[in-house]
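Residue numbers (our numbering): 85 to 168.
Cβ atoms here follow ideal geometry from the backbone N, Cα and C, with glycine treated the same way.
Report on the following structure.
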Amino acid sequence: MNHPYNKFIHLQLFMMVLTVVVGILAIINGLVSLIVIAFYFLSLSFLFEGIAERKKGNTLQFAQQLTRSLVIVIFISYLYFILT
């Protein structure tokens, strides 16, 4: 049986892999924009994990993951605009 939250788990894993790939490229090339994109992908990974937890009925875990995602987006955006 395919659970309704499986697609969010797959999206979370995909975003984690994308984060690692873009992060490695950012380290190799030394581009700040790629670092920002990697953190946005990491934030999306947390968001998808939170949505999967919400579908399971774990509202506390959903709120924690959503908060993590928002904190990453706010801080990395702030740092990007300060550094550029």
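How long is the line joining the alpha carbons of Ser161 and Lys139, rounded to whole angstroms? Going from the Cα of Ser161 to the Cα of Lys139 covers about 29 Å.
Inter-residue spacing [alpha-carbon to alpha-carbon] between Tyr164 and Leu150: 21 Å
Take the Cβ of Ile111 as the centre, count every other Cβ of all protein chains shown within 10 Å, and call the residue buried at 16 or more, exposed below. exposed
Alpha-carbon spacing of Val120 relative to Ile158, whole angstroms: In a straight line, the C-alpha of Val120 is about 11 Å away from that of Ile158.
Report back the beta-carbon spacing between Met100 and Ser129 to the nearest angstrom; my notes put them in contact at under 8 Å. 5 Å
Please classify Ser153 as buried or exposed, where buried requires at least 16 neighbouring CB atoms within 10 angstroms. It counts as buried.
Hey, how far is the Cα of Leu95 from the Cα of Leu167? 30 Å
Compute the Euclidean distance between the alpha carbons of Gln145 and Ile93, then round it to the nearest angstrom. 14 Å
Cα-Cα separation, Phe132 to Asn113: 28 Å
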